[in-house]
Every structure is written in C-alpha cells, then in structure tokens.
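Student: In the numbering used here, the protein residues as written are 6 to 95. Where is the CB? At the ideal position from N, CA and C, for every residue including glycine.
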Amino acid sequence: RAFDTLCQQGRVGVGRSSGRFKPRVVVAIALDDQQRIVDTLFMKGLTVFARPQKIPAITGMYAGDLQPDVIFPHDPLSQNALSLALKLKR
C-alpha cells in the first residue's frame, strides 16, 4: 500500500542492497517533473516484517544534489540502495 501511494506521486526509483545474511535495505523515491523528491520509502530488515518508513531529510531536495554518503554516513547498505534508487531507468 505504501508503494502504491508512492507511485501515484510521480516517477519512482527503487534501489535494493544485496546480501544474503545481512539485513536488506529497500529505498524508493518519488520524483516530480523538476527532479525534486516528493516522497520517500525506506525499509530495512532481515524478514518480511520490515515496516516502511520515510526519509524526511531528503524530501524536497533535488535528485542531483543528493549524496548517499552524507545522508547515511555509517550505513553502506543504505548508501548503496539510495544510489541505485537515484539511477532511474528512463
């Protein structure tokens, strides 16, 4: 449901960290026509019971201005997921 509401707000980029025995991280960002971040979705955990959260620090910023190592300074899995989410397919 949270992802459906995110998709209704604009173009969506999704990034997921890899790893089998580490907690997976999923980051989804919704962008408007000016490449400004409208809404975010962040999930981290080992099981399917991970709850979606928001990343309020990046809401309203431009996608080109984001640096994943500044947003998540001590979490390389989240940095990887955010950088993948910023690379939109189209």
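Take I42 as the anchor and find which of D70, T64, S88 and Q58 has the nearest alpha-carbon.
Tutor: The option with the nearest alpha carbon to I42 is T64.
Student: Could you give the distance in angstroms between the alpha-carbon of K92 and the alpha-carbon of P57?
Tutor: If you take the alpha carbons of K92 and P57, they lie about 21 Å apart.
Student: Count the other CB atoms, across all protein chains shown, that sit within 10 Å of the CB of P73; report buried if there are 16 or more and exposed otherwise.
Tutor: Buried.
Student: Would you kindly check if the distance between the Cβ of L71 and the Cβ of S22 is under 8 Å?
Tutor: No, the pair does not count as a contact, with Cβ atoms beyond the cut-off.
Student: Quick check: what's the CA-CA separation for D44 versus D38?
Tutor: D44 and D38: Cα-Cα distance of roughly 13 Å.
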